[in-house]
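Colleague: Encoded as structure tokens, here's the structure I'll be asking about.
Protein chains in written order, with my numbering: chain L, 3 to 299; chain Z, 3 to 299.
Here you go:
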């Protein structure tokens, strides 16, 4: 691996976005939360992932949120904001803004409104972002999450993009939930910055030459995942892997985003954490008792 | 039907968006095109539908485009811009802008990033738009296009929204391609402004109490569709219906959006019309010979 390809590694949290009661972003809670997940074991943060309700935020809200994190003293070299939208001018604007703040990379969703788009069209979209941002400091992680976005980066397309834009297209987050896809990416692109989207696959990803995971769970339970990352090649790995998988299973039996927000609301005694932005909806504390118990266990 | 529910009727074109060679919106061609489709038989226009590559345009591009149409003298009372995005603040901004220009209605996509969202979440999203725009002049047409957006308005949800916001939620565009869904909507909501998304269903929609169609085809062949609309309850309807269905079948055998742009490029001798914005891609003139021939026949 070259240095370029090790910009980010370890356990990154796609940061939850807290909302005030009037529906605006609660910046105070946001900055606190970023510091907390880093304190709990994250090696970096991903503002504006799927877990962040990012696509429910406006462009100005995203830019203000990112600025608040950097202003609060979080090193932009460990921040990988999501910046991929449906409309290229807006994707370029957000990506340029992230680069201008010193963020060491961006997590790029493909344009996701039109379905069944050929790889040539997605290639053209990524090329247009790179041309539009026009900065040597730009490092792109391709965000593959077909269960939600429906549109994704095939392994072949990732290879094409990495080949066409070496040193710019430096990694991917595979949230397909399909280990065979991650395995194919690892095999096709040794030295690429391959993250998995769940700690369930972290051990296998590390064994296969990947660099870590970007996982929702790290918003409320980063410690054990970081321990697995730190010890993936030790004799402790099996037990650590079983532990994080068990908790992940529990978490996934709840609606993940509102459930994690409800956990934070309970843990911090801060009811604003329960707020969601439509179309997602909050859950009540009573609905997540099993999850709270699992966190104590 | 009340007057409220007859704001729009007939044949509306989801306007194609032309791009200059540098990728920006070609406003000159855009305004010309709007005037042309109205001249060819459209009763109204829908800037920023799926056919418009709307989700590939930025918010400022949409607002500037709509202003250009109104500035060119097109009556805003026959303009129904698409204004639904994933992020509520941006949906509210575009919707408010459309209302401020005097547009008689908006076509509202649901927030479409998160999949499997419960109806309660989509209800909350529409309610937030209505509350955020806060104008008695707001009239919403719910845009149901599950083949593309994946997220849609169920018939039950449409009933709930119409019941909660009478005089504001006044219609729908059903682009499901599933006549049984349109039939259910017509049956559940007599007097509602129900458009179909294809002229294939126009006759049945009119027979069932609907108000017209909003169809891509109207960008290049509005005349025959308008003739069917005008004569749906006459003895000519059968032959007119067969004619528009036949042409629609032909059109659908091509990639609809780039094929129609290529038709306009050929017809007008204006190569800029061939331009597409990624992730969609242009087609060459030679690829659409069969379509050009069908337009002559």
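Even glycine gets a Cβ: it sits at the ideal position worked out from N, Cα and C.
Between the C-alpha atoms of residue 204 (chain Z) and residue 197 (chain Z), what's the straight-line distance to the nearest angstrom?
Modeller: 8 Å
Colleague: Taking residue 171 (chain L) and residue 107 (chain L) to be in contact with their CB atoms under 8 Å, please state how far apart those CB atoms are, rounded to whole angstroms.
Modeller: Rounded to the nearest angstrom, the Cβ distance from residue 171 (chain L) to residue 107 (chain L) is 10 Å, too far for a contact under 8 Å.
Colleague: Given a cut-off of 7 Å, decide if residue 94 (chain Z) and residue 33 (chain Z) are closer than it, judged by their beta-carbon atoms.
Modeller: no
Colleague: Put residue 198 (chain Z) into one of helix, strand or coil per three-state DSSP.
Modeller: strand
Colleague: So which residues on chain Z does residue 117 (chain L) lean against when the C-beta distance must stay under 8 Å?
Modeller: 149, 150, 152
Colleague: Taking 7 Å as the cut-off, decide whether the C-beta atoms of residue 177 (chain Z) and residue 211 (chain Z) are in contact.
Modeller: Contact: no.
Colleague: Please list, in chain order, all residues of the same chain as residue 164 (chain L) whose beta carbon is under 7 Å from its beta carbon, the five residues on each side excluded.
Modeller: 171, 191, 194
Colleague: For the beta strand (DSSP E) holding residue 32 (chain L), just list the boundary residues, first then last.
Modeller: Here residue 32 (chain L) belongs to no beta strand (DSSP E); instead the alpha helix (DSSP H) covers 29-41.
Colleague: Using the beta-carbon of each residue, which ones in chain L are nearer than 8 Å to residue 122 (chain Z)?
Modeller: 283
Colleague: Give me the Cβ distance between residue 282 (chain L) and residue 63 (chain L), rounded to the nearest whole Å; I'm assuming they're in contact under 8 Å.
Modeller: Residue 282 (chain L) to residue 63 (chain L), Cβ: 15 Å. No contact.
Colleague: So what does residue 171 (chain L) bridge to, in DSSP terms?
Modeller: Residue pairing from DSSP places residue 171 (chain L) in a beta bridge opposite L:142.
Colleague: Any beta-carbon of chain Z closer than 7 Å to the one on residue 192 (chain L)?
Modeller: no
Colleague: What residues in its chain sit with their C-beta under 6 Å from that of residue 278 (chain Z), if we drop five residues either side in the sequence?
Modeller: Same-chain partners within the cutoff: 260, 284.
Colleague: Taking a Cβ distance cut-off of 9 Å, strictly less, list which residues of the region 77-101 of chain L are near chain Z, in chain order.
Modeller: Going along the region 77-101 of chain L in chain order, one finds 87, 88, 89, 90, 91, 92, 95 with a Cβ nearer than 9 Å to chain Z.
Colleague: Could you check how far apart the C-beta atoms of residue 256 (chain Z) and residue 290 (chain Z) are, in whole angstroms? I think they sit under 8 Å.
Modeller: 6 Å
Colleague: Give the range of the beta strand (DSSP E) segment to which residue 48 (chain Z) is assigned.
Modeller: 46-49
Colleague: Using three-state DSSP, classify residue 179 (chain L) as helix, strand or coil.
Modeller: coil
Colleague: Using a Cβ-Cβ distance cut-off of 7 Å, determine whether residue 126 (chain Z) contacts chain L.
Modeller: Interface residue, yes.
Colleague: Return no unless some Cβ of chain Z is closer than 7 Å to the Cβ of residue 16 (chain L).
Modeller: Any Cβ of chain Z closer than 7 Å to the Cβ of residue 16 (chain L) would place that residue at the interface, and such an atom is absent.
Colleague: Output needed for residue 121 (chain L): all residues of its chain with C-beta closer than 8 Å, excluding positions within five of it in sequence on either side, in chain order.
Modeller: 156, 158, 159, 162
Colleague: Only counting the same chain, and skipping five residues up and downstream in sequence, which positions put a Cβ closer than 7 Å to that of residue 100 (chain Z)?
Modeller: 68, 83, 85, 108
Colleague: I want to see whether chain L comes within less than 7 Å of residue 221 (chain Z), judged by CB atoms only; does it?
Modeller: no
Colleague: Near residue 134 (chain L), what residues of its chain come up, given a Cβ to Cβ distance below 6 Å and the 5 sequence neighbours on each side ignored?
Modeller: Hits under 6 Å: 94.
Colleague: I'd like the list of long-range same chain contacts for residue 139 (chain L), defined as Cβ closer than 7 Å, with 5 residues on each side in sequence excluded.
Modeller: Same-chain partners within the cutoff: 101.
Colleague: Over what stretch of residues does the alpha helix (DSSP H) that includes residue 226 (chain L) continue unbroken?
Modeller: 224-232
Colleague: Identify, in the order they occur along the chain, each residue of the same chain with its Cβ nearer than 7 Å to the Cβ of residue 141 (chain Z), setting aside the five sequence neighbours on each side.
Modeller: 9, 106, 107, 170, 172
Colleague: How do the region 21-37 of chain Z and the region 266-275 of chain Z stand: do at least 3 beta-carbon pairs fall below 8 Å, yes or no?
Modeller: yes
Colleague: For residue 162 (chain Z), go through chain L and note every residue whose CB falls closer than 8 Å to its CB, in chain order.
Modeller: Residues of chain L passing the Cβ test: none, with the nearest at roughly 14 Å.
Colleague: From residue 24 (chain L) to residue 116 (chain Z), what distance separates their C-alpha atoms?
Modeller: Rounded to the nearest angstrom, the gap between the Cα atoms of residue 24 (chain L) and residue 116 (chain Z) is 22 Å.
Colleague: Taking the straight line between their C-alpha atoms, what separation do you get for residue 28 (chain L) and residue 97 (chain Z)?
Modeller: 25 Å
Colleague: Output, in chain order, the set of chain Z residues within a Cβ distance shorter than 8 Å of residue 255 (chain L).
Modeller: Here the premise fails: no neighbours, minimum Cβ distance about 15 Å.
Colleague: Please state whether DSSP places residue 214 (chain L) in a helix, a strand or coil.
Modeller: strand
Colleague: Verify whether the separation of the beta carbon atoms of residue 150 (chain Z) and residue 11 (chain Z) is less than 7 Å.
Modeller: no
Colleague: State the Cα-Cα distance for the pair residue 229 (chain Z) and residue 59 (chain Z), rounded to the nearest angstrom.
Modeller: 32 Å
Colleague: Is the CB of residue 58 (chain L) under 7 Å away from at least one CB in chain Z?
Modeller: yes
Colleague: Find the residues of chain L that neighbour residue 63 (chain Z), judging by a C-beta separation of less than 7 Å, and give them in chain order.
Modeller: 91
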